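Residue numbers (UniProt numbering), protein chains in the order written: chain G, 1 to 350; chain U, 1 to 341.
First up is the structure itself, then whatever we jot down about it.
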């Protein structure tokens, strides 16, 4: 980004160097360890602290006691959901910024989050759905539908969707869905009640079945994202070059958009639109491993998961008896971290 | 399509101006149920109307139509400047932190001002607009300050702006989750952007601000035209790049702050008007005057629909998006077809 022109066309530095690859692999292991720490902290810390050793014990031999119940029914599923959502948002963020070649793109931008929000509000307003596990389906459907429209609008040309048309169609869709959502919540107070709590983004009180409802979509999205990774590296050279190299640009874009829609749609449906992870994680990962998507995607995945879990733990600890929603914590902690990141590091070209 | 490159932008500008004038006349003639003919309006404008007509025209219709037109103009212009300077179509008051920063100020007044929506006395008169103005200015100052490092590099500025917007948006919805549902409704109405409180007290400051900022814009337009070509070219043309960029961004930010404090963060006008204008004119960068007129027309028409379409009057921001978004999508699709042919 800071470097324009020819340098952005250069092959990522160290792509072929073995030392670089080893360094990146070690980094990946470090991140994995970080995620494990995040997971065990998330299970241990809370209103009733459970030492890691006891967590380990009840995890493998549930005894029906209090600790076992907390780990098995409350913090375990919550931690799993948090990790999955963070992972999905991190990966979606990388895909989003690369496909639109726009550094300020975050997963909410293809109309996904607002499509989901709009569908939630419609389901409450028109069908009287009130339970989370009920409107999760609508949220997923809304997210997929609106990103489908964005892709259709952005396509149509001889060369398929370009980064510019994708981002503009996405912004238009976001505004449209936002407008309809506002109209409904202003006409109907019950919808506003659901919307304003859903909007913050929280891991608290998510029923178990929500996790199982969104899991298939998250897995499908991750598979598509992995399949998308090699193509992204070639697409980064520019659409024309990629076409000349025999890349099927439209197919790569379609795979990417579908992956973004699945990952973001399912996450937003389950926990609400939590910000910053999708925006921040790719920049953080890129500043460490550079622009090679084969490294970028796993780095962003692990980073995203760890960030969400730590933010959730902080939200549980700081408020005493109550709890600060993970979306709010991410904004409070994420903003300063992001500012430091942007100021201190040379931004790596998209 | 066979038009000369100079003729087309001019024709588009004139066309948009005609639409804007028609929308304004309609707002004066038949905004609400009270019937007034052209003759009635002309008579009342020249001081000859009866009490009812004078009230309807001067207390209801005129300030509201003027607020919509001014606010839309400010947003369209602000968006055009920001998009040109950052070379990013997403750059607008929304992404640079102005809108959400202003929202924090306004929502703080709404949520903490009263327990069940009863904000009292002076606070209800000036509280929300002033809160919005302060919030917008403070947030912009923070964003500019954080992004500054021996110059304002556009990408870093945008990233700071987006971070500030996300931060402020979370604060806003966090505050909204504490409050009573009536306050939340009022907050949501303001957040959507609304003309319901439009009166002469809103028109005055907005008109004054535009009167000061528009000439500044004209003076800086030369520098903007050079900056669009890239920093090096601009330097070659004798423009002091950092100073010009800062000045232009300040003008755009002030325009947006004025608009938001008059009518709330009306969505999408600042993003859509420049993008629609540049596509209609077939230019590479948004033309300032046309973006401004287009923003004005879009807001004015959206407000008339918002006030008249549903049994409950909805805020204008609902319809700026509902009108602007499909049209922008249509332009994207159509341009593709042309390229294809």
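We treat Cβ as the ideally placed atom computed from N, Cα and C, and that holds for glycine.
All values derive from a computational prediction rather than experimental measurement.
Here residue 301(U) is not near residue 328(U), since their CB atoms are 8 Å or more apart. About 7 Å separates the Cβ atoms of residue 225(G) and residue 263(G), confirming a contact at the 8 Å cut-off.
The continuous alpha helix (DSSP H) containing residue 54(G) extends over residues 52 to 60.
Going by beta carbons, residue 77(G) and residue 211(G) fall inside the 8 Å limit. Non-local C-beta neighbours of residue 135(U) in its own chain, meaning closer than 6 Å and more than five positions away in sequence, comprise 101, 102, 104 and 105, ordered along the chain. Between residue 268(U) and residue 80(U), the alpha-carbon positions lie close to 12 Å from each other.
Bounds of the alpha helix (DSSP H) holding residue 53(U) are 51 to 54. Identification of residues in the segment 176 to 196 of chain G having a C-beta nearer than 8 Å to some C-beta of chain U yields 176, 178, 179, 180, 182, 183, 185, 186, 187, 189, 192, 193 and 196, given in sequence order. Neighbours of residue 76(G) in chain U, taken as residues at a C-beta separation under 9 Å, are lacking, since the least C-beta distance is about 27 Å. DSSP places residue 196(U) outside any alpha helix (DSSP H), giving it a letter other than H or E.
Among the residues of the segment 330 to 342 of chain G, those with a Cβ less than 7 Å away from any Cβ of chain U are 331, 335, 338, 339 and 342, in the order of the chain. In this structure, the CA atom of residue 104(G) is about 31 Å from the CA atom of residue 41(G). The C-alpha of residue 230(G) is placed about 7 Å away from the C-alpha of residue 293(G). Judged by beta-carbon spacing, residue 192(U) lies within the 8 Å limit of residue 182(G), meaning their Cβ atoms are closer than that value.
By a beta-carbon distance limit of 8 Å, residue 19(U) contacts residue 297(U). Their separation comes to about 5 Å.
Per DSSP, residue 170(U) is one residue of the alpha helix (DSSP H) stretching across 154 to 178. When Cβ-Cβ separations below 8 Å define contact, residue 199(G) makes contact with chain U. The Cβ-Cβ distance between residue 175(G) and residue 325(U) falls below 8 Å. Around the beta-carbon of residue 56(U), 16 or more other beta-carbon atoms lie within 10 Å, marking it buried.
Annotation for residue 143(G): the continuous alpha helix (DSSP H) segment containing it runs 132 to 154.
Remark: C-beta atoms of residue 271(G) and residue 85(G) approach each other more closely than 8 Å. Distance from the CA of residue 251(U) to the CA of residue 216(U), rounded to the nearest whole angstrom, comes to 8 Å.
In the DSSP assignment, residue 299(G) falls within the alpha helix (DSSP H) that extends over 293 to 318. Residue environment: residue 286(U) is assigned as buried (16 or more neighbouring CB atoms within 10 Å of its CB, all protein chains considered).
The segment 217 to 230 of chain U and the segment 238 to 250 of chain U touch, with no fewer than 3 CB-CB distances between them shorter than 8 Å. Residue state for residue 238(U) is assigned as coil, using DSSP reduced to three classes. Within the model, the alpha-carbon separation for residue 342(G) versus residue 160(U) is close to 8 Å.
A Cβ-Cβ separation of about 7 Å places residue 210(U) in contact with residue 73(U) under the 8 Å criterion. In the same chain as residue 98(G), and ignoring 5 residues on each side of it, the C-beta atoms closer than 6 Å to its own belong to 232, in chain order.
Around the beta carbon of residue 153(G), a 10 Å sphere encloses 16 or more other beta carbons of the protein chains shown; the residue is thus reported as buried. Between the segment 200 to 215 of chain G and the segment 125 to 136 of chain G, the count of C-beta pairs closer than 8 Å reaches three or more; the two stretches touch. Fewer than three Cβ pairs drawn from the segment 53 to 69 of chain U and the segment 174 to 187 of chain U lie within less than 8 Å of each other, which leaves the two stretches out of contact. For residue 238(G), the secondary structure class from DSSP, reduced to helix, strand or coil, is coil.
By the Cβ neighbour-count rule, residue 295(G) is buried, with 16 or more other Cβ atoms within 10 Å of its own.
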